[in-house]
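Asks: Can you read through this structure? Questions will come right after.
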C-alpha cells in the first residue's frame with residue numbers, strides 16, 4: 014500500500030502517518046521525491062482498508078498495490094478450480110449448459126422443460142421458486158412446492174438442479190433440495206446471506222450485481238470462500254448502462270478478465286444480459302469463444318404464457334440450435350459440452 | 014397500456030393479442046394506422062407486467078401509460094405525507110438533519126457524538142450496528158450492544174435514533190430499539206426484507222440502490238407501503254457512474270423529480286453521495302436548495318480513528334458550520350430546521 | 014407517433030394538440046381511454062422531433078413508434094449492404110481484418126507492420142496520421158507525410174488503407190490517399206464533419222461514441238448516407254461504464270442488435286474496447302461468434318516503443334495467432350477471412 | 014509517477030524500466046518491498062503518458078501522482094481566475110446568469126428574448142446559430158444571419174453574447190461577433206477546434222462532454238490554455254447515466270470538485286442537465302448553493318413553438334422567478350448577481 018503525502022505536508026504529518034503504519038503491524042518504506050513524499054506500507058495489507066490512511070492529515074491519496082481479495086485470487090491459487098456437479102465437472106474442459114424456466118410454475122411445466130432441455134443438450138436444470146420481482150404485485154414463486162417439483166425433474170432426468178436463494182431464512186430448506194444455490198444479482202452484496210452460504214458445502218452460483226465491479230464480485234466470492242465453502246461459480250449477467258436497446262449490457266470483457274484474476278469457474282447468462290430471445294444465441298456463442306466455462310439460459314416450452322421473463326426465454330427448439338452452435342465453438346476452444354448420465358428415458362414422462 | 018403491432022403482423026396475431034387483453038380483464042381500443050396497428054389496453058394496468066404482451070407473436074413493443082406504482086404515487090395522494098418523528102415532523106415545513114457516525118464503535122463514542130451533533134443542530138442520531146462491508150475482513154458492527162448504546166444516547170439527548178437493518182433475522186430485535194429502520198442501498202431490492210418491514214409500523218428510511226432508477230426506488234417503497242406501513246422516507250445517496258473523483262455521483266435531479274412523483278419525504282445523504290468530507294457541506298446546501306426534506310450526514314468526533322467511512326465523516330465543528338448554512342438556505346425555501354425537545358443537559362454527560 | 018395527454022387535460026388542450034398534428038401534415042387518430050386520452054399522429058414522422066408535441070399544454074408524454082432513421086434502417090433495405098474494398102467485399106461472407114499501428118510513426122515502422130500484418134492474415138491496413146489525444150502535450154501524428162507512407166505500404170502489400178479524419182479541413186487531402194475514412198469515437202457527433210464526408214464517395218468506418226446509444230450511432234450514419242455516400246461500416250469500440258479493469262466495456266450485444274436494425278456492415282475494435290493486449294484475442298473471437306462482419310485491431314512491431322496505445326497493441330506473432338482462431342470461428346459461422354491479392358513479395362521490403 | 018513491478022518481475026526487467034525512466038529525463042527512486050518492487054519516476058511527469066511504462070515487460074501497474082494538467086490546475090495558480098465580460102466579472106463575487114433561446118430563430122424572437130431576459134435579471138445572452146442536431150432532418154440554425162441578430166440584440170440591451178461554435182471553419186466569422194465562444198458537449202474533445210480557439214483571445218465557455226470525466230474536461234481546457242487563451246469558463250451540463258426520468262444526470266458534485274482542482278470559473282446549465290423546464294429552477298438554486306460561479310439557462314418567449322429544446326426552456330416569467338430565488342441563495346453565499354450596464358431602455362424595442 015502506498016500513501017502519497019500532499020505537496021505541503023509537514024514533517025509532523027509524515028511522522029504521524031508512519032506511526033499509523035507501524036501500529037497496523039506493517040513495515041514502512043519512505044520515499045522523498047521532488048513531486049511528493051511517498052510512504053510504502055509493507056506486509057499483509059489485503060484486508061486493510063485504504064481509508065484508514067486516507068483520513069490522516071496531510072495525506073493526498075492512498076493506492077493499493079495488492080488485490081483486496083485472497084482466496085479468490087489466481088495469484089494464490091494458480092490452477093483452475095474444478096469441481097464436480099453430479100456427473101460432470103465445472104471449470105475444466107467440460108462446458109456447463111444450465112437451462113430451464115425463469116420460474117417453476119407447475120409440476121408439468123418443469124418436468125416437461127427438464128426433459129426438453131436435456132434432449133437439447135443441457136447438463137443442468139434451473140428454475141426459480143422464490144422470485145425477486147420489482148413489483149410487489151407480481152408472481153413471487155411456488156416456494157417449497159417448487160423445490161419438490163425440481164427434485165422430481167432431477168430424478169427423472171439426472172440433471173442437477175439450480176435454484177435461487179433470496180434470504181437466509183430459506184437456506185436450511187434449500188440445501189436439502191438443490192445441487193447449486195444461486196445468489197441473484199440483487200443479493201450479491203447481501204453479506205449476511207453470503208456468510209450463511211459460506212457455512213454450507215453446497216455449490217454456489219454467484220451472479221454479478223447490476224452495477225457491481227469485477228473486484229466487488231470477487232470480494233463477495235471471498236465472503237463465501239472465507240466461510241470454508243470453496244465451490245463457487247461466478248456469473249456475468251449483464252451490467253446496467255445507458256444503452257436501452259437491450260435489458261442490460263453484456264460485459265463480455267469480464268470473461269477474460271475474471272479468468273485472469275481468479276481460479277473460479279466463470280459462466281455467462283445471455284438471457285438476462287440481453288433481455289431478448291433473439292440475441293441469446295449470438296451472445297452464448299460469444300461467451301464460449303471468449304473463454305467462459307459455461308452458460309445459464311432461460312428456456313420455456315411456451316414463452317408467451319411464462320409467468321415471468323418470457324421475452325428473453327428460448328423455446329426448446331431454438332435452445333437446441335443454440336447448444337449445437339455452442340458445441341462447435343467449444344470444440345475450437347479445445348473443450349466439449351458436458352453430458353450428464355441421468356435416468357432419462359423418453360417414454361418415462363407425462 | 015399500448016401494444017404496438019409489427020408492420021407485418023397478421024390479422025390473426027392482432028386477434029390473438031386482443032384475446033389476451035380481454036383475458037386480463039381489460040377493455041380494448043383498436044387503432045389502425047398507416048405506420049402500425051396499436052391496441053390500447055384500458056383498465057387497472059399498474060400491476061400488470063408489460064412482458065405479458067411483449068412475448069406474443071406480432072408484437073413490436075408495449076408502452077406503459079400509467080405508473081407501475083400506486084400507493085407511493087402523488088397522483089393518488091396529492092398532499093405531502095407528513096409524519097411525526099419524536100417531537101418533530103418529516104415531510105412538512107421542518108427540515109430533518111440526521112447525523113452521527115457510520116458505525117457505533119463504543120458507548121463513549123456514540124454518547125459523545127450524540128451530544129455533539131445535537132449541540133450543532135441535528136435533530137436525529139444515526140449509527141450503524143450491523144455494517145455491510147465489501148470485504149469479509151472488515152469491521153462488521155457491534156450488534157445488539159450497539160443498539161443499547163444508541164438507546165442510551167437517545168435517553169440523554171432526546172434525539173430519535175436511526176440504524177440500518179441488514180436482514181429479516183434482525184427485525185424483531187431492531188424494532189424494539191430504533192425510531193427509524195434504515196434500509197441500505199445494497200438492500201433496496203431485498204424484497205423479503207422489504208415485505209417484513211412493511212408488516213411493522215416503524216418509520217423507514219429507504220435508500221436508493223447504487224444503480225437503481227427512481228422508478229425502482231418507488232417500486233421498493235411500494236413493497237413496504239403495500240404491507241400497511243405508510244411511514245417511508247426516501248433517500249438519495251448517490252449513484253454509480255464512470256466519474257471517479259467522487260465516490261458516487263449525487264443525483265441532485267432526483268430531488269425535484271421525486272417531489273413531483275411521490276408524496277413521501279425525500280432526504281439526501283451527502284456523505285455517501287460524495288465520499289469526501291470536503292464536499293459534504295456544498296452538497297448539503299444544494300440538496301435543501303433543490304427542495305429536499307432533510308439530510309443524513311456522517312459525523313465522527315475523530316474521523317482519523319473511525320472504524321469505517323472516516324474519509325467522508327465531518328468533525329462536529331465542521332458539521333455545525335454546515336448546519337448553520339443549511340438553516341439559512343432552508344429559510345429562503347420557506348422552511349426551518351426541526352428542533353427536538355430532548356432531555357439534553359450539557360452537564361449531564363461523560 | 015403517439016401523444017399521451019395528462020389525466021386532467023382539458024378538451025381545449027386536446028383540440029390544440031390535434032391542430033398541431035394536422036399542421037405537421039399528419040392524420041390524427043383519437044383514442045379516449047379511462048386512463049388517458051391518446052392521440053395517434055399518422056404519416057411520415059421519422060424526421061419529426063417528439064419535442065414538438067412534448068411542449069404543448071396538457072401533454073404527458075410522446076412516444077415514437079417508427080425509428081428516427083430511415084436510410085440506415087433494415088426495414089427500408091432488408092438485404093445486407095455489401096461493398097467492395099480493393100479486392101474483397103465487406104458485409105457479405107468475407108470477414109474483414111483491418112490491422113496496424115495506432116499511429117504511423119515512421120516510414121520503416123508502417124512498411125514493416127504492413128508486411129507483418131498481411132503475412133499474419135490481415136486484409137486491410139490501419140494507421141493514424143492525425144491523433145486525437147486527451148493531452149495537448151502528447152504526440153499528435155505525422156499528417157500528410159504519414160499518408161504518403163501509408164500509400165507506399167499499400168503499393169507494396171496491396172492492402173487497402175484506413176486512416177482517421179479529425180476535421181473537415183483534412184478532407185480534401187485525405188480522400189486523395191485513403192481507401193477508408195475512419196471517423197473516431199470523439200467525432201461521431203461532429204455533424205459538420207459527417208455532412209462533409211457524406212458529400213464524398215469514399216468508404217467510411219464510423220466508430221460509436223464513448224457514450225453514444227446504438228440509435229445515435231445510426232443517426233450519425235444517417236447524416237453520411239443522406240449526403241449520398243452509401244458505403245458506411247459501423248464500428249463498436251467499447252462504451253464507457255463504471256467498470257475499471259478494462260479501458261472500456263465491449264458492448265457485444267451491439268453486434269446482433271445492429272445486425273438486426275441495419276443493413277450496414279458491423280465490425281468490432283477489440284483493442285480499444287478492452288485496452289489490454291491480453292484480452293484482444295478473446296474479444297475478437299467473441300465478436301465473430303456474435304456475428305460481426307470484421308475486426309479492426311492495433312498491431313505494433315514493438316509495443317513498448319509505440320508512440321501511443323502500446324498497451325493494447327498486439328505483437329505480429331500474437332496477432333497471427335488471433336487471426337488463426339478468428340478464421341476457425343468464421344468457418345463455423347459459414348464465413349471466411351477475406352484475402353487481398355496484393356503486390357506483396359516477401360523479398361521486396363527493407 | 015510510480016511504476017509497480019509484477020511480483021515475479023526479473024532483475025533484468027527492473028533494470029530495463031529504470032533505463033526507460035532515465036531516458037525520459039527523470040530521476041529514479043527504487044523501493045524494494047515484500048509485496049512488490051516499486052520505482053518512483055521523479056521530475057516533470059505531467060505531460061508523460063503512463064502508457065509508456067505500462068507496456069514494458071514485468072510492469073504490473075503505473076500510478077500517476079501529479080495531475081496530468083498544469084495550466085488549469087489550482088496547484089500552480091491558487092487564486093481564482095477572474096475575467097471581465099462586458100461590464101461585469103466572471104469567477105469572483107458576481108454570479109453570471111446567461112440566458113436565451115436554444116437557437117436564434119428570427120430577428121424578432123432573439124430581440125424580444127434579449128429584452129425579456131435582461132428585464133428578468135440575466136447579464137448575458139445565449140443563442141445558437143449553428144445547431145448540433147442528432148438527426149440530419151432537424152433544424153440546423155441560421156448561421157451568420159443569426160449572428161447579426163445577436164449583435165443587434167447586444168446593441169439594444171448591452172448584454173454580452175454567447176454562441177456555440179461547431180467547426181474550425183466558423184471561427185474567423187464567429188470571433189467577429191461573439192463575446193463568448195461556446196464549445197458544446199459533443200465537441201469537448203474536438204482537439205483541432207480546441208487548438209484553433211486557443212489561438213484566439215475570445216472568452217470560451219467549455220461544456221463537459223456527455224460522458225467526459227472531470228479530468229478530461231480539465232485536459233480539454235488545457236488545450237485552449239496552452240495556446241495562450243486564458244479566459245476559459247467550464248460548464249457542467251449533466252452527464253449520461255442509466256437514469257431516464259431526466260435527460261441527463263446533473264453532476265452537482267462536479268461544482269465543488271472543480272472549484273477545488275482548478276482556478277477557472279465554473280458554471281452550470283440546468284436546462285440540459287435536467288431536460289425539463291419544471292426542474293430547472295430547483296437545480297439552478299442547487300448549483301449556486303454548491304458554489305457555482307454562474308448559470309446558463311434556456312429561455313424562450315413561446316416554448317411550444319421553439320425550433321428546438323422547447324421542453325426544457327423556461328418562459329420569461331418563470332425565468333424571472335428563478336433569478337429571484339438564485340439571487341437570494343447567492344447572497345447567503347456572500348455573492349451577488351452581476352448586472353450589465355447596457356443601452357437598454359424599455360421603450361426602445363419593438
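Protein chains in written order, with this note's numbering: chain A, 14 to 363; chain B, 14 to 363; chain C, 14 to 363; chain D, 14 to 363. Cβ atoms here follow ideal geometry from the backbone N, Cα and C, with glycine treated the same way.
#1: Any residues in the stretch 90 to 105 of chain A with a beta carbon nearer than 7 Å to a beta carbon of chain C? Which ones, in chain order?
#2: Taking the beta strand (DSSP E) that residue 76/D falls in, what are its first and last residues?
#3: Name, please, each residue of chain C whose Cβ falls closer than 8 Å to the Cβ of residue 262/A.
#4: Going by Cα to Cα distance, which pick from 150/D, 174/D, 310/D and 60/D is closest to residue 99/D?
#5: Name the residue from 232/D, 179/D and 92/D whose alpha carbon lies nearest to the alpha carbon of residue 148/C.
#6: Scan the stretch 71 to 90 of chain B for residues whose Cβ lies nearer than 9 Å to a Cβ of chain C and list them as they occur along the chain.
#7: Beta strand (DSSP E) containing residue 195/A: first to last residue?
#8: Can you confirm whether residue 20/B, when its beta carbon is compared against all beta carbons of chain D, has any partner nearer than 9 Å?
#9: Suppose only complete runs of 3+ residues qualify. What are the beta strand (DSSP E) ranges in the stretch 232 to 288 of chain A, listed by chain order?
#10: Show which residues of chain A have a CB atom less than 8 Å away from the CB atom of residue 182/B.
#11: Run through chain A and tell me which residues come within less than 8 Å of residue 15/D, C-beta to C-beta.
#12: Decide if residue 143/B is buried, meaning its Cβ has at least 16 other Cβ atoms within 10 Å, or exposed.
#13: Would you verify that the beta carbon of residue 197/D is, or is not, closer than 9 Å to some beta carbon of chain B?
#14: How many angstroms separate the CA atom of residue 207/C from the CA atom of residue 239/C?
#15: Once the 5 residues before and after residue 164/D are set aside, which same chain residues still bring their CB inside 6 Å of it?
#16: If we cut at 9 Å on Cβ distances, does residue 350/B have a partner in chain D?
#17: Step through the CB atoms of chain C and report whether any lies within less than 9 Å of the CB of residue 228/A.
#18: Quick test of your reading: residue 171/C and residue 139/C, contact by CB under 8 Å. State the CB separation rounded to the nearest angstrom.
#19: Just the Cα atoms here: how many angstroms apart are residue 346/B and residue 262/B?
#20: Can you list the residues of chain A that residue 298/C reaches, using a CB-CB cut of under 7 Å?
#21: Assuming residue 296/D and residue 303/B make a contact with CB atoms under 8 Å, what is their CB distance in whole Å?
#22: Against chain B, does residue 291/D count as a neighbour if the rule is that its beta carbon must be under 9 Å from one of theirs?
#23: Could you tell me the alpha carbon to alpha carbon distance between residue 18/B and residue 313/C, rounded to whole angstroms?
#24: Return the bridge partner residues of residue 96/B from the DSSP annotation.
#25: With DSSP collapsed to three states, give me the class of residue 57/C.
#26: Below 8 Å, can you find three or more Cβ-Cβ pairs linking the stretch 123 to 142 of chain C to the stretch 24 to 43 of chain D?
#27: I'd like to know whether the C-beta of residue 362/C is nearer than 9 Å to at least one C-beta of chain B.
#28: How would you write the range of the beta strand (DSSP E) that residue 310/C sits in, first residue to last?
#29: List, in chain order, every chain C residue whose beta-carbon is nearer than 7 Å to that of residue 232/D.
#30: Can residue 52/A and residue 27/A be called in contact, C-beta distance under 9 Å?
#31: Would you list, in sequence order, the uninterrupted beta strand (DSSP E) runs of no fewer than 3 residues that lie entirely inside the stretch 298 to 356 of chain A?
#32: List the whole-angstrom C-beta distance separating residue 224/B from residue 253/B, where the pair is believed to meet the contact cut-off of C-beta under 8 Å.
#33: Could you give the distance in angstroms between the alpha-carbon of residue 288/B and the alpha-carbon of residue 230/A?
#34: Would you say residue 257/A lies against chain D (beta-carbon separation less than 9 Å)?
#35: Which class does residue 217/A belong to by DSSP, given the choice of helix, strand or coil?
#36: Taking DSSP as the reference, what is the three-state secondary structure of residue 130/C?
Replies: Checking against the coordinates, here is how it stands:
#1: Residues: none.
#2: Unbroken beta strand (DSSP E) run through residue 76/D: 72 to 76.
#3: The contacting residues are 252, 254, 262, 264 and 266.
#4: The candidate whose alpha carbon is nearest that of residue 99/D is 174/D.
#5: Ranked by Cα distance from residue 148/C, the options 232/D, 179/D and 92/D are led by 232/D.
#6: Listed in sequence order: 73, 74, 76, 78, 79 and 88.
#7: Where residue 195/A is concerned, the enclosing beta strand (DSSP E) stretches over 193 to 196.
#8: False, the Cβ-Cβ gap to chain D never drops below 9 Å.
#9: If we require 3 residues or more, the beta strand (DSSP E) runs fully inside the stretch 232 to 288 of chain A come out as 245 to 249 and 279 to 281.
#10: Result: 181, 182 and 205.
#11: Taking a Cβ-Cβ cut-off of 8 Å, the neighbours of residue 15/D in chain A comprise 15, 51 and 76, given in sequence order.
#12: When all chains shown are included, residue 143/B counts as buried.
#13: Chain B contact via Cβ: absent.
#14: C-alpha separation (whole angstroms): 10 Å.
#15: Counting only residues of its own chain and dropping the five nearest sequence neighbours on each side, residue 164/D has a CB closer than 6 Å to the CB of 190.
#16: False, the Cβ-Cβ gap to chain D never drops below 9 Å.
#17: At least one beta carbon of chain C lies nearer than 9 Å to the beta carbon of residue 228/A.
#18: In this structure, residue 171/C and residue 139/C do not form a Cβ contact; the two beta carbons are roughly 15 Å apart against a cut-off of 8 Å.
#19: So the two alpha carbons sit approximately 24 Å from each other.
#20: Under the 7 Å cutoff, chain A gives 302 and 303.
#21: Going by Cβ atoms, the distance from residue 296/D to residue 303/B rounds to 6 Å, so yes, they are a contact pair.
#22: Interface residue, yes.
#23: One Cα belongs to residue 18/B, the other to residue 313/C, and the distance between them is close to 51 Å.
#24: In the DSSP output, where bridge partners are listed per residue, residue 96/B has 103/B.
#25: Coil.
#26: No, because fewer than three Cβ pairs between the stretch 123 to 142 of chain C and the stretch 24 to 43 of chain D fall closer than 8 Å, the two stretches do not touch.
#27: Note that residue 362/C scores a pLDDT of 34, beneath 50, so its modelled location is shaky; the value from the coordinates is reported in the next line. Not a single C-beta of chain B is nearer than 9 Å to the C-beta of residue 362/C.
#28: Residue 310/C -> beta strand (DSSP E) spans 307 to 311.
#29: Those within 7 Å of residue 232/D in chain C are 147 and 148.
#30: Yes.
#31: Taken in chain order, the unbroken stretches of beta strand (DSSP E) that lie wholly in the stretch 298 to 356 of chain A and span 3 residues or more are 307 to 311.
#32: With a Cβ gap of about 5 Å, residue 224/B and residue 253/B count as contacting.
#33: Distance between the alpha carbons of residue 288/B and residue 230/A is about 21 Å.
#34: At least one C-beta of chain D is nearer than 9 Å to the C-beta of residue 257/A.
#35: Per DSSP, reduced to three states, the secondary structure at residue 217/A is strand.
#36: If DSSP states are grouped into helix, strand and coil, residue 130/C belongs with the helices.
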